[in-house]
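Worksheet for the structure shown next.
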Amino acid sequence: MSALSTDTHSATTHSPAELREKKDRRRAISLLTPGLLWMFFFMVLPMAMVIYVSFWTQTTFSVNSTLTTASWKHFLSSATYLSAIWTTLRIWLIVLIATVVVGYPVALFIGLFVRNKTLQTALLVACVIPFWTSFLIRVIAWRPMLGTEGAINVILMKLGIISEPLTFLLFSEFSVLVGMTQIYCVFMVGPITFMLGRIDISVIEAARDLGASFGTIFRRIILPLSLPGVIVGAIFVSVMVLGEFATAASLSGRKVNLLGNIIVSQVGSLKWAFAAVAGVVLTIIITAVIALALRLVDLRKEM
Amino acid sequence: MLTLSRVSRRYGETVALSGVDFVVPENTYMSLLGASGSGKTTLLRLIAGYEEPDQGEISIDGERIDGQPSHLRDIGFVFQNFALFPHLTVAENVAFGLRYRASAPLTKESEIKERTEDMMALVGLSGFGHRAVSAISGGQRQRVALARTLVCEPRIVLLDEPLGALDANLRARMCDELKAIRERLGVSFLHVTGSETEALTMGDKVAVLANGRIVQSDAPDMLFNQPGNAEAARHLNAWNIFEAGLCRGDFSSGTIAVRFDQMDVSAEGAAPQGRPALGAKYLTGEFNGPTALSFFRADDGTLLQVIDHLSQPRLPDLVEGQRYDIHFAPQALRQFHGAA
Amino acid sequence: MESRILRPTLAIYTACFLLFLYGPMIVLAILSFQSIDGGPQFPIRDWSIYWYEHLLGLAETSRVSQLPVGESLIRSIVLAFMTTVVATVLGVMSAEAFRTKFKGSGPAFYLIILGMMVPGVLVGLGMALLSNTLDLGRAWWGTSFVLHVVYTYPFAFLVMLAIFNRFDRTVEEASLSLGVSPAQTFRRVTFPIIFPGVLSAMLFSFTLSYDEFARTLFTAGRDLTLPLAIYGTFSVEIYPNLFAFGVLTTLFSFTLLVIYGLLMKRFTSKASRYKGQEDA
Numbered sequence: 001m002s003a004l005s006t007d008t009h010s011a012t013t014h015s016p017a018e019l020r021e022k023k024d025r026r027r028a029i030s031l032l033t034p035g036l037l038w039m040f041f042f043m044v045l046p047m048a049m050v051i052y053v054s055f056w057t058q059t060t061f062s063v064n065s066t067l068t069t070a071s072w073k074h075f076l077s078s079a080t081y082l083s084a085i086w087t088t089l090r091i092w093l094i095v096l097i098a099t100v101v102v103g104y105p106v107a108l109f110i111g112l113f114v115r116n117k118t119l120q121t122a123l124l125v126a127c128v129i130p131f132w133t134s135f136l137i138r139v140i141a142w143r144p145m146l147g148t149e150g151a152i153n154v155i156l157m158k159l160g161i162i163s164e165p166l167t168f169l170l171f172s173e174f175s176v177l178v179g180m181t182q183i184y185c186v187f188m189v190g191p192i193t194f195m196l197g198r199i200d201i202s203v204i205e206a207a208r209d210l211g212a213s214f215g216t217i218f219r220r221i222i223l224p225l226s227l228p229g230v231i232v233g234a235i236f237v238s239v240m241v242l243g244e245f246a247t248a249a250s251l252s253g254r255k256v257n258l259l260g261n262i263i264v265s266q267v268g269s270l271k272w273a274f275a276a277v278a279g280v281v282l283t284i285i286i287t288a289v290i291a292l293a294l295r296l297v298d299l300r301k302e303m
Numbered sequence: 001m002l003t004l005s006r007v008s009r010r011y012g013e014t015v016a017l018s019g020v021d022f023v024v025p026e027n028t029y030m031s032l033l034g035a036s037g038s039g040k041t042t043l044l045r046l047i048a049g050y051e052e053p054d055q056g057e058i059s060i061d062g063e064r065i066d067g068q069p070s071h072l073r074d075i076g077f078v079f080q081n082f083a084l085f086p087h088l089t090v091a092e093n094v095a096f097g098l099r100y101r102a103s104a105p106l107t108k109e110s111e112i113k114e115r116t117e118d119m120m121a122l123v124g125l126s127g128f129g130h131r132a133v134s135a136i137s138g139g140q141r142q143r144v145a146l147a148r149t150l151v152c153e154p155r156i157v158l159l160d161e162p163l164g165a166l167d168a169n170l171r172a173r174m175c176d177e178l179k180a181i182r183e184r185l186g187v188s189f190l191h192v193t194g195s196e197t198e199a200l201t202m203g204d205k206v207a208v209l210a211n212g213r214i215v216q217s218d219a220p221d222m223l224f225n226q227p228g229n230a231e232a233a234r235h236l237n238a239w240n241i242f243e244a245g246l247c248r249g250d251f252s253s254g255t256i257a258v259r260f261d262q263m264d265v266s267a268e269g270a271a272p273q274g275r276p277a278l279g280a281k282y283l284t285g286e287f288n289g290p291t292a293l294s295f296f297r298a299d300d301g302t303l304l305q306v307i308d309h310l311s312q313p314r315l316p317d318l319v320e321g322q323r324y325d326i327h328f329a330p331q332a333l334r335q336f337h338g339a340a
Numbered sequence: 001m002e003s004r005i006l007r008p009t010l011a012i013y014t015a016c017f018l019l020f021l022y023g024p025m026i027v028l029a030i031l032s033f034q035s036i037d038g039g040p041q042f043p044i045r046d047w048s049i050y051w052y053e054h055l056l057g058l059a060e061t062s063r064v065s066q067l068p069v070g071e072s073l074i075r076s077i078v079l080a081f082m083t084t085v086v087a088t089v090l091g092v093m094s095a096e097a098f099r100t101k102f103k104g105s106g107p108a109f110y111l112i113i114l115g116m117m118v119p120g121v122l123v124g125l126g127m128a129l130l131s132n133t134l135d136l137g138r139a140w141w142g143t144s145f146v147l148h149v150v151y152t153y154p155f156a157f158l159v160m161l162a163i164f165n166r167f168d169r170t171v172e173e174a175s176l177s178l179g180v181s182p183a184q185t186f187r188r189v190t191f192p193i194i195f196p197g198v199l200s201a202m203l204f205s206f207t208l209s210y211d212e213f214a215r216t217l218f219t220a221g222r223d224l225t226l227p228l229a230i231y232g233t234f235s236v237e238i239y240p241n242l243f244a245f246g247v248l249t250t251l252f253s254f255t256l257l258v259i260y261g262l263l264m265k266r267f268t269s270k271a272s273r274y275k276g277q278e279d280a
């Protein structure tokens with residue numbers, strides 16, 4: 001016993017360098033602990049709770065903790081819920097593509113074609129300013145824009161392009177798509193602009209001097225270098241769109257039901273277990289999307 | 001007295017210092033000469049306590065300081081980039097240590113002011129106290145860095161290439177001032193530099209750091225005239241180091257060194273009798289003002305340099321690509337044994 | 001040659017994009033000056049500031065009930081303030097920890113970043129379930145607050161990480177060499193230098209929390225925050241008072257932004273001193 005203890009004692013005599021390293025590590029960990037504990041108790045634990053409750057027994061007005069897969073069976077056999085998954089994926093994919101298509105040329109212009117730093121910053125700030133308006137106000141602002149007596153219809157009728165107001169503009173899937181694209185587009189523009197801004201202009205000029213057309217330069221230089229930006233932007237847009245419900249609730253006139261809307265309505269009618277099932281499904285989808293994106297790009301390196 | 005014994009430091013696979021033995025005596029201006037990447041900054045950081053050694057001991061006046069937190073070591077540090085506190089004025093920078101140090105901070109504003117002003121006067125900063133540190137010149141920043149350190153009366157002051165960020169004129173003037181200030185205060189300075197002229201000018205003693213250890217530590221003239229080994233000689237940038245076997249006649253073996261200014265050049269085959277000589281091809285010359293430097297390539301590829309003072313020219317007219325005999329007095333050579 | 005066509009095309013496109021971004025808000029601002037008998041749409045019957053008076057409770061009794069903004073606004077500001085303080089402190093501590101390399105820093109990084117990635121409706125649901133199970137009451141200052149921190153702390157952390165990446169460590173070492181303890185060094189040297197960054201982190205946290213809604217929806221309990229109050233009006237018919245409210249909150253946000261700008265400006269002089277140190 002005593003031999004053992006002297007052994008461990010000699011094993012624990014460390015050089016000053018090791019002691020310093022240990023001390024630094026202890027300091028780092030103690031600085032980090034409160035944050036990590038916070039994340040554990042208020043993020044990891046609630047998420048675990050969602051998974052756990054999805055296996056609880058749902059009665060009309062309450063849940064009890066008897067474990068069952070009834071909620072899952074109910075969810076997976078219900079056409080409403082399954083179509084919500086499909087709607088969520090469809091809206092997500094369309095909005096994702098729309099933000100790239102709409103945002104990329106803007107990023108290209110700001111990041112590559114504007115050489116003046118002040119103008120570049122001014123344009124970026126102009127993109128960000130709308131964020132100082134409440135999210136819900138920005139959503140609701142589409143109503144007077146798209147409604148039958150909204151700005152677009154009024155202008156089109158004044159111009160004589162249409163004689164009857166367009167009714168598909170508001171309270172439809174279209175209005176949800178337009179609203180989401182507008183709100184989330186900036187999260188695509190930002191990262192792409194950042195990556196494009198890193199490109200050394202002289203590389204492009206050299207390629208041009210060698211006779212490369214813009215098409216070739218774009219395909220060979222600009223696109224590959226900006227791709228990490230697109231992916232970071234796609235992560236932002238994806239997590240936000242997949243978890244959405246407010247835009248659909250206020251602009252679709254209940255025609256578009258995303259998984260988020262399902263969760264909100266189930267919680268509203270105290271169907272906690274069903275809400276939890278929808279939550280787990282949503283988590284699985286988001287995890288898959290992020291995992292896919294993270295395989296393509298190391299987030300920590302790009303930050 | 002600062003003593004380092006068998007101090008080693010590794011970074012993963014790379015060995016920065018391996019068994020440094022080194023002494024900085026009391027009241028001494030010690031220069032530490034080393035090439036970039038030789039570990040000289042690491043050595044200072046170990047002494048200051050920003051890092052710790054893997055092995056070995058560091059002590060001041062017999063008291064071990066490795067393992068102690070930096071702020072309790074009572075060692076001053078002057079950084080190459082000065083590392084002034086950007087949010088404070090010149091006077092606040094100088095008073096910083098007095099006011100906030102952990103042991104015996106000064107609380108009387110009048111005393112802080114008095115000591116700060118005395119120190120600023122000593123380094124020539126009187127009247128600059130209220131300035132922002134961004135609003136003063138490079139040389140003045142250097143003085144602030146120095147004053148800030150010296151006012152705390154540390155046991156020893158470490159200077160990490162303190163003149164590196166200054167232009168040539170200023171550097172010459174700061175050299176003199178640093179020496180004068182140190183002599184006035186009687187504290188030891190350990191001044192790290194990559195420039196052999198700076199090390200030789202400044203130091204009461206000069207140590208050479210190479211391959212992770214101190215290869216020689218001596219008075220400047222001793223070091224310059226009698227380097228103890230090839231490594232030390234190499235750092236002085238004044239010695240040709242080559243294999244004795246290159247010389248005609250079997251008079252020596254191993255590695256030898258001959259100072260640039262003690263070599264003579266003759267036409268091939270015309271070397272005087274009794275002087276060791278070797279054949280070499282003239283490559284090119286370099287005119288440096290009062291001196292001219294000629295470069296030769298010996299038969300085994302070693303580069304040889306011969307210095308000629310304009311006031312006493314010794315060299316014949318040289319033709320590039322031509323072979324010459326290089327010779328020197330037998331007593332001019334220094335012989336090193338063991339690995340170079 | 002292509003850029004002669006491409007550049008103006010992209011410039012015009014970008015202008016259209018900005019119109020797309022700002023259009024709805026501009027329309028909303030115009031309609032907020034609708035007259036008393038006008039609806040939340042065109043045409044404008046008559047210009048008036050009636051709906052602003054209505055919003056502030058200055059109008060006479062009307063068929064439209066007043067927006068419940070007063071108390072909820074105060075709650076939202078208090079909540080955002082609490083969130084800002086905690087998130088910034090955690091963010092600074094964590095970023096400071098990440099200045100040392102240590103094992104397990106990768107997973108820790110992703111655990112923190114996860115907080116800004118997890119959809120609000122999910123953590124909101126989880127928190128509601130958890131508080132039900134543990135039989136804890138739900139309140140904006142409790143269950144909502146902790147979730148707001150989960151959301152804003154990663155942002156504050158990333159801002160501080162970027163600040164520390166550019167931070168010159170030697171000033172801290174200089175302070176240590178003057179005999180100043182690590183704690184005092186942080187207080188007297190590190191903190192003043194990183195302060196502009198801390199301010200940015202606080203601004204981030206405040207705006208995110210002030211506007212946060214998905215995380216509050218299931219966790220706020222009885223008393224509503226401002227976004228919840230607005231959300232409540234969505235299900236019923238909307239009136240131009242909501243537009244007037246949108247305009248006012250936007251102005252309020254800009255005021256906040258201006259205050260931030262002024263604070264930053266006060267510190268830029270010091271930041272430029274810092275720059276001066278770098279080119280020395």
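Residue numbers (full-length UniProt numbering), protein chains in the order written: chain A, 1 to 303; chain B, 1 to 340; chain C, 1 to 280. Glycine included, C-beta positions come from ideal geometry on N, C-alpha and C. A quick note: this is a predicted structure, and the numbers were derived from the prediction, not measured.
Reduced DSSP secondary structure (H/G/I, E/B, other) of residue i
{"i": "residue 204 of chain B", "result": "coil"}
{"i": "residue 171 of chain B", "result": "helix"}
{"i": "residue 225 of chain C", "result": "coil"}
{"i": "residue 337 of chain B", "result": "coil"}
{"i": "residue 20 of chain B", "result": "strand"}
{"i": "residue 1 of chain A", "result": "Reliability of the predicted coordinates at residue 1 of chain A is poor, the pLDDT of 40 falling under 50, and no value is obtained from them."}
{"i": "residue 272 of chain C", "result": "Residue confidence is low: residue 272 of chain C scores 49 on pLDDT, short of 50, so the model does not pin down where it sits. Its coordinate-derived value is still stated next. It is helical."}
{"i": "residue 285 of chain B", "result": "strand"}
{"i": "residue 274 of chain B", "result": "coil"}
{"i": "residue 214 of chain B", "result": "strand"}
{"i": "residue 241 of chain C", "result": "helix"}
{"i": "residue 185 of chain C", "result": "helix"}
First through last residue of the alpha helix (DSSP H) which encompasses residue i
{"i": "residue 214 of chain C", "result": "214-217"}
{"i": "residue 208 of chain A", "result": "201-209"}
{"i": "residue 180 of chain C", "result": "Element bounds for residue 180 of chain C: n/a, residue is neither H nor E."}
Residue i - partner residues in DSSP beta bridges
{"i": "residue 240 of chain B", "result": "B/258"}
{"i": "residue 280 of chain B", "result": "B/298, B/324"}
{"i": "residue 5 of chain B", "result": "B/57"}
{"i": "residue 63 of chain B", "result": "B/60"}
{"i": "residue 264 of chain B", "result": "B/327"}
Listed by chain order, chain C residues near residue i by CB distance under 9 Å
{"i": "residue 11 of chain B", "result": "None at all; the shortest Cβ gap to chain C is about 12 Å."}
{"i": "residue 191 of chain B", "result": "Those do not exist, as residue 191 of chain B stays about 15 Å from chain C at its closest Cβ, beyond 9 Å."}
Enclosing beta strand (DSSP E) for residue i [first to last residue]
{"i": "residue 115 of chain C", "result": "No beta strand (DSSP E) holds residue 115 of chain C; the alpha helix (DSSP H) holding it covers 105-117."}
{"i": "residue 187 of chain B", "result": "No beta strand (DSSP E) contains residue 187 of chain B, which DSSP labels as neither H nor E."}
{"i": "residue 293 of chain A", "result": "Counting along the chain, residue 293 of chain A falls outside any beta strand (DSSP E), though it belongs to the alpha helix (DSSP H) covering 272-296."}
{"i": "residue 160 of chain B", "result": "156-160"}
{"i": "residue 78 of chain B", "result": "75-78"}
{"i": "residue 14 of chain A", "result": "It is not in any beta strand (DSSP E) - residue 14 of chain A carries neither H nor E in the DSSP assignment."}
Closer than 7 Å at the beta carbon, the chain A residues around residue i
{"i": "residue 111 of chain C", "result": "36, 39"}
Contact list for residue i against chain A, beta-carbon separation under 8 Å
{"i": "residue 55 of chain B", "result": "15"}
Proximal residues of chain C, C-beta to C-beta of residue i below 8 Å
{"i": "residue 225 of chain B", "result": "Simply none; closest approach about 36 Å."}
Closer than 9 Å to chain D by CB, residue i
{"i": "residue 41 of chain C", "result": "This model lacks chain D altogether, as its protein chains are A, B and C."}
Per-residue contacts from residue i into chain B (C-beta, under 7 Å)
{"i": "residue 27 of chain A", "result": "Correct list: empty, because the minimum Cβ distance to chain B is about 12 Å."}
* To do: Taking only runs that begin and end inside the stretch 126-179 of chain A, name each unbroken alpha helix (DSSP H) of 4 or more residues, in chain order.
  => Within the stretch 126-179 of chain A, the complete alpha helix (DSSP H) runs of at least 4 residues are 135-140, 142-146, 151-158.
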